[in-house]
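In the numbering used here, the protein residues as written are 25 to 447.
Here a beta-carbon is modelled for each residue, glycine too, at the ideal position from N, C-alpha and C.
Each remark here refers to the structure printed beneath this line.
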Amino acid sequence: MSGNLREIGGRKLRPESLMMSYGYDPRLSEGAVKCPIFQTSTFAFESAEAGKAFFELAYGLREQRSGEEMGLIYSRLNNPDLEILEGRLALWDEAEGCAVFASGMAAITTSLLAFLTPGDVLIHSEPLYGGSDHFIKHFLPRLGVIPVGFQAGVPMADLAADLTARVAGRPVAAVLLETPANPTNALVDIRGIADLAHGLSAPGRPAVVMVDNTFLGPVFQHPLQHGADLVIYSATKFIGGHSDIIAGAVSGSLATMLPVRTLRTFMGTMMSPWSGWLLLRSLETLKMRMTAAMKNARYVADFLAEHPKVQAVHYLGHLTEDSPMFDVYQRQCVAPGSMISFDVVGGEAAAFRFLNALSMVKLAVSLGGTESLAEHPGSMTHADVPPADQARMGFTPGLVRLSVGVEHYEDLIADLAQALGAA
Ligand SMILES: *Cc1c(COP(=O)(O)O)cnc(C)c1O
């Protein structure tokens with residue numbers, strides 16, 4: 025079946041070559057080259073016996089027989105657009121399974137809730153995406169979960185003793201990391217934290233290590249190869265890539281995905297068929313878009329680093345060998361991506377003058393789209409983080425975050441130059 029093609033003459037095909045075809049058989053859809061939208065809530069069973077068999081599998085009432093495929097039941101459980109999308113997304117991380125969600129937050133919250141019980145410790149890096157930070161600090165404690173945070177960018181040798189002391193013998197059941205961190209691009213050693221967390225887990229219940237890979241993945245970083253059990257995405261960002269849908273995804277081994285997928289069924293946090301179809305389209309250009317933006321970002325970061333109104337540029341492509349994060353970058357990341365943050369000389373007032381003067385770059389939160397976006401983390405995406413914590417996490421009042429898009433880099437630099445002139 026053409027839909028299952030993964031190699032030619034023993035040569036394994038790269039993910040970008042499979043984004044147009046993998047998992048889809050045109051013969052099942054009147055020969056249509058493109059997968060149609062299966063905009064349906066429910067699916068007709070060929071017989072009562074078939075319906076019974078599907079439910080036995082859906083509820084885990086018996087083992088799957090060899091060669092037996094799970095049938096389509098109802099779009100909260102499964103849907104062809106979502107299944108094909110999940111198959112294609114899993115290829116980028118070489119994962120056994122993937123589940124797609126209505127949003128990045130749906131993916132994160134469903135994954136955390138699938139593994140945490142009262143009394144458990146959740147270790148997490150800081151800073152985190154604002155929504156994740158709020159859920160962890162203000163909602164999970166209501167369920168008796170104890171969050172223990174640590175700062176991204178601090179070497180493992182300086183973290184281990186303090187983290188162990190703060191866990192205080194309680195069971196670590198899960199870890200949520202964001203690397204590179206938003207908005208500072210500070211890195212976390214995934215393997216180092218995973219090893220530490222496993223040593224602090226309850227016997228027989230190793231901590232599930234989750235990495236929010238929204239900033240570099242799925243093209244430029246593969247956390248499952250570096251000690252993560254689950255890799256999580258806001259597919260709203262690079263995967264969707266056009267700033268027109270809200271979506272999320274989680275990938276991992278079949279065993280680790282099972283509780284996540286099951287909870288998705290009962291919470292109803294799955295993606296809609298229409299978003300799934302749009303993402304199938306986005307995936308065809310994923311690598312091209314991310315590569316084009318990554319190349320642009322280097323020109324932009326080099327320009328910013330030389331500018332007298334810019335104090336510091338936080339960009340992975342500028343890490344040098346003497347940086348404590350250099351070794352982690354070399355091990356974990358494939359390329360520096362296209363997220364840059366930088367300090368405008370003159371603090372918040374100057375940063376605001378800069379943002380207000382931009383003409384092509386849009387002043388908006390979000391990232392990873394074809395268009396460049398700029399925002400002020402201190403008063404926008406991270407407004408919820410108290411100023412003292414902001415300072416500790418390394419972001420200053422003049423900090424601007426820039427998501428570089430696919431425009432011509434000379435046009436981008438022209439816009440940034442005139443706006444810095446106004447700052
Ligand atoms: C945007 C974002 C999220 C949340 O995703 P939504 O799709 O907006 O729900 C989570 N993590 C990171 C790093 C993000 O940038």
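What residues match up with residue i in a beta bridge as DSSP calls it?
{"i": "F125", "result": "G272 and M294"}
{"i": "M234", "result": "L200 and L254"}
{"i": "E31", "result": "K36"}
{"i": "S403", "result": "Bridge partners of S403: none, in fact."}
{"i": "V147", "result": "Checking the displayed sequence, the identity of residue 147 turns out to be Ile instead of Val. Per DSSP, V172 and V199."}
{"i": "A317", "result": "Looking at the DSSP assignment, A317 forms no beta bridge with any residue, so it has no partner."}
{"i": "R229", "result": "A226"}
{"i": "S427", "result": "M363 and L397"}
{"i": "Q245", "result": "C357"}
Per DSSP, what kind of secondary structure is residue i in: helix, strand or coil?
{"i": "F163", "result": "helix"}
{"i": "L211", "result": "coil"}
{"i": "Q414", "result": "helix"}
{"i": "L13", "result": "In this structure the chain extends from 25 to 447, so residue 13 is not present and cannot be described."}
{"i": "T188", "result": "helix"}
{"i": "Q63", "result": "coil"}
{"i": "S41", "result": "helix"}
{"i": "L436", "result": "helix"}
{"i": "V178", "result": "coil"}
{"i": "V57", "result": "coil"}
{"i": "M25", "result": "Any reading at M25 is ruled out, since the residue's pLDDT is 41, under 50, leaving its predicted position unreliable."}
{"i": "D408", "result": "coil"}
{"i": "Y153", "result": "coil"}
{"i": "T260", "result": "coil"}
{"i": "F239", "result": "coil"}
{"i": "F69", "result": "coil"}
{"i": "H266", "result": "coil"}
{"i": "G283", "result": "The amino acid occupying residue 283 in the given sequence is Pro; Gly does not appear at that position. DSSP places P283 in helix when its eight states are reduced to three."}
{"i": "R51", "result": "helix"}
{"i": "L444", "result": "helix"}
{"i": "G216", "result": "helix"}
{"i": "A205", "result": "coil"}
{"i": "L302", "result": "helix"}
{"i": "F139", "result": "helix"}
{"i": "F327", "result": "helix"}
{"i": "L183", "result": "coil"}
{"i": "R194", "result": "coil"}
{"i": "T289", "result": "helix"}
{"i": "Y46", "result": "coil"}
Using 8 Å as the limit for Cβ to Cβ distance, is residue i near chain D?
{"i": "L426", "result": "No chain D is part of this structure, which consists of one protein chain only."}
Exercise. Within the segment 330–394, note down every full alpha helix (DSSP H) run reaching 4 residues or more, in order along the chain.
Key: Complete alpha helix (DSSP H) runs here, min 4: 350–356 and 371–381.
Practice problem: Can you check the segment 76–137 for any alpha helix (DSSP H) of at least 4 residues that lies completely inside it and give the ranges in chain order? | Solution: 104–116
Quiz prompt | the segment 313–324 contacting the segment 143–150, beta-carbon criterion three pairs below 8 Å | solution = No, because fewer than three Cβ pairs between the segment 313–324 and the segment 143–150 fall closer than 8 Å, the two stretches do not touch.
Quiz prompt | Three or more C-beta pairs below 8 Å linking the segment 183–203 and the segment 220–232 | solution = Cβ pair count under 8 Å is three or more, so yes.
Quiz item: Do the segment 301–309 and the segment 317–328 touch if we need at least three Cβ pairs shorter than 8 Å?
Solution: no
Practice problem: Spell out a yes or no on whether the segment 431–446 and the segment 353–360 are touching, meaning 3 or more CB-CB pairs, one atom from each, closer than 8 Å. | Solution: Contact fails: fewer than three Cβ-Cβ distances are below 8 Å.
Quiz item: For the segment 438–447 against the segment 405–412, are there 3 or more C-beta pairs whose distance is under 8 Å?
Solution: no
Self-check item: Cβ contact (3+ pairs, closer than 8 Å) linking the segment 359–367 and the segment 338–351
Solution: These segments touch.
Practice problem: Tell me, please, whether the segment 198–214 touches the segment 170–177 by the rule of three or more beta-carbon pairs shorter than 8 Å. | Solution: yes
Quiz item: Counting Cβ pairs, one atom from each stretch, are 3 or more of them under 8 Å apart for the segment 284–296 and the segment 122–134?
Solution: yes
Quiz item: Are at least three pairs of beta-carbons, each pair with one atom in the segment 419–427 and one in the segment 385–393, less than 8 Å apart?
Solution: Three or more beta-carbon pairs separated by less than 8 Å link the segment 419–427 to the segment 385–393, which places the two stretches in contact.
Quiz item: Touching or not, the segment 53–73 and the segment 82–92, by the rule of three or more beta carbon pairs under 8 Å?
Solution: no
Quiz item: Pairing CB atoms from the segment 251–261 with CB atoms from the segment 232–239, are three or more of them under 8 Å?
Solution: yes
Practice problem: Specify whether the segment 263–277 and the segment 391–401 touch according to this definition: at least 3 beta carbon pairs, one from each stretch, less than 8 Å apart. | Solution: Three or more Cβ pairs closer than 8 Å define a contact, and the segment 263–277 meets that threshold against the segment 391–401.
Quiz item: Do the segment 129–138 and the segment 273–287 make contact, defined as three or more Cβ pairs closer than 8 Å?
Solution: yes
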